[in-house]
């Protein structure tokens with residue numbers, strides 16, 4: 001599947017209570033989100049069956065709003081769930097996109113290693129997300145990615161680029177010179193006091209900057 005859109009990419013934490021998670025996601029979907037990803041941050045001890053239920057509930061919302069739903073990692077769940085794609089932290093050694101059919105989006109997290117960009121291209125992935133462009137408590141496992149890296153990556157591929165990590169209403173203004181198609185946000189939306197207004201503001205800012 002080709003990803004010809006960018007915009008606002010919402011990453012959601014499945015460790016939240018389910019009904020709270022669904023309520024927040026629905027508000028965000030109604031106010032300008034373009035993609036949703038389920039972060040690989042499951043509660044300790046959660047069963048496969050519980051994961052399947054959570055994914056199904058989220059897919060019901062996202063499909064109603066015609067917004068793609070992706071899941072971070074968890075390729076082993078593919079036979080049991082309905083999603084629009086998978087977001088990979090790393091490309092598995094035995095990965096073959098063709099094994100999953102033609103209807104899935106596949107994205108990859110990248111840092112400053114341009115060899116990873118080349119590997120994403122070689123594996124015919126659909127987009128790249130750089131983590132992290134600013135310091136972030138939600139992306140503590142990510143190194144800071146330089147503007148130079150992203151510009152060099154753009155010289156390698158025309159794949160859509162997203163950036164994540166520490167993006168808020170102040171830092172987003174520093175992204176104007178970045179060759180990207182969208183931004184990914186977790187806490188900036190999910191922890192907002194007014195999710196509707198916050199989501200609208202992010203979406204408008206993205207359209208203005210990008």
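In UniProt numbering, the protein residues as written are 1 to 210.
Even glycine gets a Cβ: it sits at the ideal position worked out from N, Cα and C.
In this text, all values refer to a predicted model and were calculated from it rather than measured experimentally.
What first and last residue would you give for the alpha helix (DSSP H) that runs through residue i?
i: residue 231; result: Here the chain covers residues 1 to 210 and nothing more, so residue 231 does not appear.
i: residue 198; result: 195-209
i: residue 25; result: 18-29
i: residue 56; result: 48-64
Which one of the options has the shortest CA to CA distance from residue i?
i: residue 6; options: 91, 26, 196, 164; result: 164
i: residue 68; options: 46, 181, 86, 74; result: 86
i: residue 147; options: 141, 132, 160; result: 132
i: residue 155; options: 178, 61, 134, 168; result: 178
i: residue 90; options: 103, 54, 113; result: 113
i: residue 35; options: 62, 54, 20, 47; result: 62
i: residue 100; options: 111, 173, 65, 78; result: 78
i: residue 44; options: 102, 152, 197, 14; result: 14
i: residue 16; options: 202, 153, 54; result: 54
i: residue 76; options: 64, 48, 103, 106; result: 48
i: residue 29; options: 46, 135, 9, 41; result: 9
i: residue 105; options: 195, 40, 82; result: 82
i: residue 24; options: 103, 102, 70, 191; result: 191
So residue i is in the beta strand (DSSP E); what residue range does that whole segment cover?
i: residue 146; result: Per DSSP, residue 146 belongs to no beta strand (DSSP E) and is neither H nor E.
Please check the pair residue i and residue j, which I expect to be a contact at CB under 8 Å, by giving their CB distance rounded to whole angstroms.
i: residue 38; j: residue 72; result: 6 Å
i: residue 130; j: residue 145; result: 5 Å
i: residue 88; j: residue 58; result: Contact flag wrong, Cβ pair sits at about 19 Å.
i: residue 160; j: residue 127; result: 4 Å
i: residue 97; j: residue 74; result: Incorrect: roughly 16 Å between the Cβ atoms, too far for contact.
i: residue 199; j: residue 206; result: Their Cβ separation, rounded to whole angstroms, is 11 Å, which puts residue 199 and residue 206 out of contact at 8 Å.
i: residue 183; j: residue 172; result: 7 Å
Which one or two residues does DSSP pair with residue i in a beta bridge?
i: residue 155; result: For residue 155, which the question treats as bridged, DSSP gives no partner whatsoever.
i: residue 72; result: 87
i: residue 36; result: 10, 69
Query raised in the report: What residue ranges within the region 76-144 form continuous alpha helix (DSSP H) runs of no fewer than 4 residues, ordered along the chain?
Result: As far as the region 76-144 is concerned, its whole alpha helix (DSSP H) runs of at least 4 residues are 114-122.
Query raised in the report: Where in the region 160-188 do unbroken runs of the beta strand (DSSP E), each at least 3 residues long, occur, reported from the N-terminal end onward?
Result: 161-164, 182-185
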